[in-house]
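In our numbering, the protein residues as written are 23 to 175. Working notes, beginning with the structure itself.
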């Protein structure tokens, strides 16, 4: 992946209602952060950090969305419980998650399973990936993305 990689076509539901399509992102720079599961400790910290910096992202001309395979209803509950201001995209069929190679084999406590690789993509106005972060460590990540995404100068 890289600066010439276009996002796959998608048309997905948002928690709280509405839909988001790939073409809706055109003309805007966008941060898509992918996380494994609603209402888990790391995902909650990540969502809260992006929410805390949302005004700064917007001031830098960036839209921010969280993406996981959870249902729109799960996203609504998670956002309400944790006071998240980031729109959350539901991708249960892994259209976007799989299209970006983020549905991966993981292991925990000797058990192997498939899940979402915590990753973030900075997408340019033409819908192509400008930068990506994989195997993200949550604490401080939102600030790192904001700093990298700000225009130079």
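Every residue, glycine too, gets a C-beta built ideally from N, C-alpha and C.
Collapsed DSSP secondary structure at residue i in the structure displayed
i           : result
residue 157 : coil
residue 27  : coil
residue 127 : strand
residue 47  : helix
residue 112 : strand
residue 184 : Because the chain spans 23 through 175 in this model, residue 184 falls outside it and cannot be assessed.
residue 36  : strand
residue 133 : strand
residue 62  : coil
residue 90  : strand
residue 106 : coil
Outcome for residue i when other beta-carbon atoms lying within 10 angstroms are tallied against a minimum of 16
i           : result
residue 80  : exposed
residue 62  : exposed
residue 169 : exposed
residue 68  : buried
residue 101 : buried
residue 95  : exposed
residue 134 : exposed
Beta-carbon spacing of residue i, residue j below 8 Å
i           : j           : result
residue 56  : residue 89  : yes
residue 34  : residue 138 : no
residue 165 : residue 82  : no
residue 167 : residue 142 : yes
residue 110 : residue 37  : yes
residue 92  : residue 60  : yes
residue 156 : residue 71  : no
Residue from the options whose Cα sits closest to the Cα of residue i
i           : options           : result
residue 66  : 99, 125, 131, 167 : 99
residue 158 : 43, 130, 124, 173 : 124
residue 43  : 112, 97, 76       : 112
residue 128 : 121, 122, 140     : 140
residue 153 : 45, 120, 54, 32   : 54
Short CB-CB distance (under 8 Å) between residue i and chain C
i          : result
residue 58 : Of the protein chains in the structure, only one exists, and it is not chain C.
Practice task
Report yes or no: do three or more beta-carbon pairs, one from the segment 139-151 and one from the segment 26-44, lie closer than 8 Å?
Solution key: yes
Exercise for the section: Assess, as a yes-or-no matter, whether the segment 44-52 is touched by the segment 95-114 under the definition of 3 or more beta carbon pairs within less than 8 Å. Expected result: no
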